[in-house]
Every structure is written in C-alpha cells, then in structure tokens.
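Following: one structure in structure tokens, then a few remarks.
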Amino acid sequence: MFRVNIFLVFGALLCLSTFKLAEGNHKQYLLNVLSNFMDTIERQRNIMICMASGCDPLAMYKIFDVEDLVEVNLKTKFPMPESNEVRSIKLAAALNNAVERLLKLQPECYDATYSCPHEVHAKLPAEVFQYMDMLGMIVATRDCINEDNVERAIDVLGTAVAYAERNRAIKGHFTSRVIIPTIYVTKEYQKLCYEL
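When the letters of the sequence shown are read in order and numbered with mature numbering (1 follows the signal peptide of the UniProt record, and there is no 0), they come out as residues -24 to -1, 1 to 172.
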C-alpha cells in the first residue's frame, strides 16, 4: 500500500510539474505576443509622427485609409469564439500589416527622424496627436508587464479589441473610433506599473 501511494504522489508531482512547465511556456508565449504588440505600436507611432512632419499634406488621409483597414481586419470574425488572447494576436497582426502599408506609402519614414525640409501646412485633428501620445504611454509600460500580470494585460487588450469590434456607431476618422479603447488600455497598463 505504501508503495502505491509513493507512485501516486510521484505521478501527481510529475503531472503538476508538467502543468507548471506548460503554464510557464504559455506565459512566455503571451509575453512574446505583447512584446510584438509593443514593438508594432512603437513603430506605428514613429511612422505617424514622421508622416505628420513629412512633405505630403495628404499624409494623414493616407494614415486614415490604412488604419481603417485595421478596423476592418479586427471586425472580421473567426468561425469559432474569440478569446482575449486571439483578439490580441489579431490586433498585433493587423497593426503590423498597417505599419508595412504606411511604410510603402511613405518610404522616407523608415528613418523615423525624417522631417520635411520645407514647411507644410497640414491641419491634423487633435485626436490624432492624443492617439499618438497614448501609444507612447502604452509603450512606456512595457517593462511593467511580466509573467505575474501578462494574462491580465492580454485580457485588457482583448477587451479593448472587443469594444472596437462592437462599436460601429462613431463616425469620422479612425482615431475618433479607437480613442476610447486606447484610453482604456493606457490606463489599465499604467495600473500594472503602479502595482509593481
């Protein structure tokens, strides 16, 4: 009887350690998803700043067209229920695609420090600058996300994506429509920093 119990205990410990290892690998995977997301929005922000200070007075309209496609991609539903993890991956992929499109439209923005040598008078909506500022604030929280809170960070991102998917009533350019979920992500990620 004692022998059977030792084997049961050993088997249970083996199962527990395998589960912990799998959980650790999954958390590392989620950290990689968020790291990719942070890298992408940092590039997006830098390109938007570059385009705003570039020579093309219609650059912002080009940004709006590209970013509208991000919304279209986000609102495309998979045939199965989407978890916050799937929504986060979908967002990162859509934004990465947008960054590549923006760079094709404005290749000089591969150098994020580029600015037009002569003055261009392009009027930009205030929300665009607010959006770019918030992207910077989100990127600033990247060091606050770790294995202990990565699942919460993914849930925040997935919730924001779900809101953007459902919210079709707001008219105007993309920043008008995504400003609320972006504010939400910014505040929730800043809370993760305060809790460290």
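All C-beta atoms in this analysis are idealised placements derived from N, C-alpha and C, irrespective of residue type, glycine included.
> Fully enclosed by the region 24 to 68, which alpha helix (DSSP H) runs are 4 residues long or longer?
Replying inline: 35 to 51
>> Once the 5 residues before and after Leu81 are set aside, which same chain residues still bring their CB inside 6 Å of it?
In response: Lys38
> By DSSP, does Ala88 sit in helix, in strand, or in coil?
Replying inline: coil
> Taking contact to mean at least 3 C-beta pairs separated by less than 8 Å, is the region 87 to 94 in contact with the region 123 to 141?
Replying inline: no
> With a CB to CB cut of under 8 Å and the five nearest residues on each side skipped, what residues in its chain are close to Lys163?
Replying inline: none
>> Once the 5 residues before and after Tyr165 are set aside, which same chain residues still bring their CB inside 6 Å of it?
In response: Ile114, Thr117
> Whole-angstrom Cβ separation of Ile130 and Ser64, contact assumed at under 8 Å?
Replying inline: 5 Å
>> Quick check on the DSSP output: the alpha helix (DSSP H) that includes residue 245 runs from which residue to which?
In response: Beyond the ends of the chain as shown, which are -24 and 172, falls residue 245; an answer cannot be given.
>> Using C-beta distances below 6 Å, list every residue in its chain close to Leu(-4), excluding the 5 sequence neighbours before and after it, in chain order.
In response: For Leu(-4), the predicted structure reports a pLDDT of 45, less than 50, and the residue's modelled location is therefore unreliable. A value from the coordinates is still provided. Once the five neighbours on either side are set aside, Leu(-4) has no close Cβ partner at all.
>> For the structure I just gave you, are there three or more beta carbon pairs, one from the region 95 to 112 and one from the region 63 to 77, closer than 8 Å?
In response: no
>> Residues in the same chain with beta-carbon distance under 7 Å from Val96, minus the five sequence neighbours each way, listed in chain order, please.
In response: Cys31, Pro33
>> Buried or exposed for Val48, going by 16 or more other Cβ atoms inside 10 Å?
In response: exposed
> Per DSSP, what kind of secondary structure is Asp124 in: helix, strand or coil?
Replying inline: coil
> Alpha carbon to alpha carbon, what distance is there between Leu100 and Val161?
Replying inline: 23 Å
> Run through DSSP, which three-state label would Glu76 get?
Replying inline: helix
> Any heavy atom of the ligand COA closer than 8 Å to the CB of Val104?
Replying inline: Here there are no bound small molecules, and the ligand COA is not part of this structure.
>> Let me check understanding here. Comparing Cα to Cα, which of Glu76, Leu79, His94, Ile159 lies closest to residue 176?
In response: Examination of residue 176 is not possible in this model, given that the chain is present from -24 through 172 alone.
>> According to DSSP, simplified to helix, strand and coil, what is Val115?
In response: helix
>> Considering only their Cβ atoms, is the gap separating Phe150 from Val62 smaller than 9 Å?
In response: no
> So what's Val96 in DSSP terms, helix, strand or just coil?
Replying inline: coil
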